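A short write-up of the structure that comes next.
Protein chains: 2
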Amino acid sequence: MKMRAFMSQAKPAQARKTRIQAQNEGLILDAALEVFSAYGYRGSTVDQIAAKCGLSKPNLLYYFRRKEDIYTAVLERTLTGWLEPLRALDPDGDPVAELTGYITAKMELSRDNPEASRLFANEILHGAPMIGKFLKGPLKDLVDAKAAIVRAWIAQGRLASVDPYHLIFAIWATTQHYADFEVQVRAILGDKSDPTVVGVKTLITLIMDGLRPR
Amino acid sequence: MKMRAFMSQAKPAQARKTRIQAQNEGLILDAALEVFSAYGYRGSTVDQIAAKCGLSKPNLLYYFRRKEDIYTAVLERTLTGWLEPLRALDPDGDPVAELTGYITAKMELSRDNPEASRLFANEILHGAPMIGKFLKGPLKDLVDAKAAIVRAWIAQGRLASVDPYHLIFAIWATTQHYADFEVQVRAILGDKSDPTVVGVKTLITLIMDGLRPR
DNA sequence: TCCGCTCTTGACCATTTGATCAAGAATTAT
DNA sequence: ATAATTCTTGATCAAATGGTCAAGAGCGGA
Numbered sequence: 022m023k024m025r026a027f028m029s030q031a032k033p034a035q036a037r038k039t040r041i042q043a044q045n046e047g048l049i050l051d052a053a054l055e056v057f058s059a060y061g062y063r064g065s066t067v068d069q070i071a072a073k074c075g076l077s078k079p080n081l082l083y084y085f086r087r088k089e090d091i092y093t094a095v096l097e098r099t100l101t102g103w104l105e106p107l108r109a110l111d112p113d114g115d116p117v118a119e120l121t122g123y124i125t126a127k128m129e130l131s132r133d134n135p136e137a138s139r140l141f142a143n144e145i146l147h148g149a150p151m152i153g154k155f156l157k158g159p160l161k162d163l164v165d166a167k168a169a170i171v172r173a174w175i176a177q178g179r180l181a182s183v184d185p186y187h188l189i190f191a192i193w194a195t196t197q198h199y200a201d202f203e204v205q206v207r208a209i210l211g212d213k214s215d216p217t218v219v220g221v222k223t224l225i226t227l228i229m230d231g232l233r234p235r
Numbered sequence: 022m023k024m025r026a027f028m029s030q031a032k033p034a035q036a037r038k039t040r041i042q043a044q045n046e047g048l049i050l051d052a053a054l055e056v057f058s059a060y061g062y063r064g065s066t067v068d069q070i071a072a073k074c075g076l077s078k079p080n081l082l083y084y085f086r087r088k089e090d091i092y093t094a095v096l097e098r099t100l101t102g103w104l105e106p107l108r109a110l111d112p113d114g115d116p117v118a119e120l121t122g123y124i125t126a127k128m129e130l131s132r133d134n135p136e137a138s139r140l141f142a143n144e145i146l147h148g149a150p151m152i153g154k155f156l157k158g159p160l161k162d163l164v165d166a167k168a169a170i171v172r173a174w175i176a177q178g179r180l181a182s183v184d185p186y187h188l189i190f191a192i193w194a195t196t197q198h199y200a201d202f203e204v205q206v207r208a209i210l211g212d213k214s215d216p217t218v219v220g221v222k223t224l225i226t227l228i229m230d231g232l233r234p235r
């Protein structure tokens, strides 16, 4: 699995997208997200994806010439929305409210897009062969910026003194846990109600006020 | 990938293990942990594992007849130690000290055995096809027991009121994050010093006292 | 030492799977 | 309508890969 530029444009020639093209590419990427997130890159087959979206394999490969191209396209499409909640963190807002909002938004994102979460988890778990540059570039830049905001809040005495980077890691880890480790959560809790409603409440209590009785 | 009994004994006949047998099985399982944790089940090949431990493929398959057998054997061997820290949670200890100790122990485990952590992460991420019964059985039982302890502490007013299950999830998620998402952590922090030393400190502050200034 | 059991391997097989291609069907533009 | 372009697919290929087998090498107990 090679690491090309960073994100490849699917069709260099012919920028204009025909109706059928747009529709089928959409179908393919939807199916690919399901399949890749469930079985991983190597565990997924082009046939599986083709079957899931009702296209023949050669037809699918007409739109994306290589399996890898499908994978990077899904990653790219999903990546876009993933950072929105963190981007929304407002330096002018109330620190506790901002972080509570961030946790809530991240939790909702995990609940509503578990496949996307698992897709990233799998990619990173295996060394981020495709999005390594994204992590060191755009992601790091955004996190640096938001960490600075948190650091400023701490300096103003509006938050307890913690390392902003590890705070962000903790929020990522805890919220994505409900998507990435869903089967484990359900195995322990039983498959009754949605775990994320108690989860987000617990998390906010934990991160804002901690366990030690006041 | 089928879900047999639960964990198969590699060699039903001939209980006695010869010297060479014990040594080679050890080599194989060590290599298999490295390979499976790096590439996942489907992403790993028997040849890779054989190469890593210096055995020929047929020779490796002499000890474990199927790829799946290697995988379950590695899982089984690793599973054993994984629950130790949680098991050690002592109902008679001081709640804050006990949980701080648990977090510390779990973080050390993740730091010292990142491959094991990633192996589990991958298995669960893909629906726990092999250890599903383990999750619903032994793991759930242990967590139930420890959750009851936490609940009792809360009832005694020695801890803030949070859902014990989600507290445990939060500890799992945050500590394992440093192993499972290591490349992301390093991409953002830079590959300088060990992230877990600041990580565990931040985590304990967070979970014990929270962000809100006192 | 010698016999039986364990261990090792080169050669080989069947299946899966990513990818190609030529030819035909459908769509679009003129 | 008709020509050009886009779309679709059955057939096929080559490589990768899990697994087998028979034959030989090595080891350990009597």
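Residue numbers (this note's numbering), protein chains in the order written: chain S, 22 to 235; chain Y, 22 to 235.
Built from N, CA and C at the ideal position, the CB exists for glycine as well.
Note that the structure is predicted; figures quoted are calculated from it, not measured.
Chain S contact for residue i (CB, 7 Å cutoff)
i	result
A191 (chain Y)	yes
L96 (chain Y)	no
L130 (chain Y)	no
P106 (chain Y)	no
I209 (chain Y)	yes
P234 (chain Y)	yes
D133 (chain Y)	no
K161 (chain Y)	yes
L100 (chain Y)	no
I145 (chain Y)	yes
V218 (chain Y)	no
L156 (chain Y)	yes
V117 (chain Y)	yes
R172 (chain Y)	no
A142 (chain Y)	yes
M22 (chain Y)	In this prediction, M22 (chain Y) has a pLDDT of 35, which is less than 50 and means its spatial position is unreliable; nothing more can be read from the coordinates.
D113 (chain Y)	no
V164 (chain Y)	yes
Below-7 Å beta-carbon distance, residue i vs any chain Y residue
i	result
D252 (chain S)	Since the first residue of chain S shown is 22 and the last is 235, residue 252 (chain S) is not available in this structure.
L180 (chain S)	yes
I228 (chain S)	yes
L81 (chain S)	no
Q244 (chain S)	Coverage of chain S is limited to positions 22 through 235, which leaves residue 244 (chain S) absent and any answer about it impossible.
D212 (chain S)	no
T223 (chain S)	yes
R63 (chain S)	yes
D215 (chain S)	no
L51 (chain S)	Correcting the residue type first, residue 51 (chain S) is Asp in the shown sequence and not Leu. With 7 Å as the cut-off, D51 (chain S) does not count as an interface residue toward chain Y.
D184 (chain S)	yes
R87 (chain S)	no
A194 (chain S)	yes
Same chain only: Cβ atoms within 8 Å of residue i, ignoring 5 sequence neighbours per side
i	result
L160 (chain S)	L104
Y60 (chain Y)	Q69
R207 (chain Y)	P216
Nearest residue (CA-CA) to residue i, options the options
i	options	result
A149 (chain Y)	S:A168, S:C74, S:A126, S:F202	S:F202
W50 (chain Y)	Y:G75, Y:T39, Y:G64	Contrary to the premise, residue 50 (chain Y) reads as Leu rather than Trp in this sequence. Minimum Cα distance to L50 (chain Y) is reached at Y:G75.
M229 (chain Y)	Y:S182, Y:P216, Y:I41, Y:I209	Y:S182
L81 (chain Y)	Y:I41, Y:K154, Y:A176, Y:S214	Y:I41
I209 (chain Y)	S:L224, S:F155, S:L210, S:R179	S:F155
R139 (chain Y)	Y:I91, Y:T99, Y:K88, Y:D90	Y:T99
S214 (chain S)	S:G153, S:R132, S:D165	S:R132
I256 (chain S)	Y:W193, Y:I152, Y:G231	Residue 256 (chain S) lies beyond the stretch modelled for chain S, which goes from 22 to 235, so this question has no answer here.
V164 (chain Y)	Y:G178, Y:S77, Y:W193, Y:N134	Y:W193
P116 (chain S)	S:L48, S:G178, S:Q205, S:Y186	S:G178
Cut-off 6 Å between Cβ atoms - residues of its own chain near residue i, not counting five sequence neighbours on either side
i	result
A126 (chain Y)	P106
A52 (chain Y)	I70, K73, C74
L54 (chain S)	V95, E136
A142 (chain Y)	D201
V219 (chain S)	none
Neighbourhood of residue i by C-beta distance below 7 Å, restricted to the same chain and skipping five residues each side
i	result
Q30 (chain Y)	In this predicted model, Q30 (chain Y) has a pLDDT of only 36, less than 50, meaning its place in the structure is not dependable; the value taken from the coordinates is given anyway. Here the set comprises nothing.
V221 (chain Y)	I124, T125, M128
L188 (chain S)	V171
L110 (chain Y)	E119, Y123, K167, I170
L130 (chain Y)	P106
Buried versus exposed call for residue i [16 or more other C-beta atoms within 10 Å across all chains shown]
i	result
P112 (chain Y)	exposed
P216 (chain Y)	buried
Q44 (chain S)	exposed
A118 (chain S)	exposed
D184 (chain Y)	buried
T278 (chain Y)	Nothing about residue 278 (chain Y) can be read from this structure; chain Y reaches only from 22 to 235.
S58 (chain S)	buried
A176 (chain S)	exposed
K88 (chain S)	buried
P79 (chain S)	exposed
Y62 (chain Y)	buried
Exercise for review: Only counting runs of 4 or more residues, tell me where the alpha helix (DSSP H) segments fall wholly within the segment 188–218 of chain Y, in order along the chain.
Suggested key: 203–210
Exercise for review: Jot down the residue ranges of each uninterrupted alpha helix (DSSP H) in the segment 94–124 of chain Y, minimum 4 residues, whole runs only, in chain order.
Suggested key: 105–108
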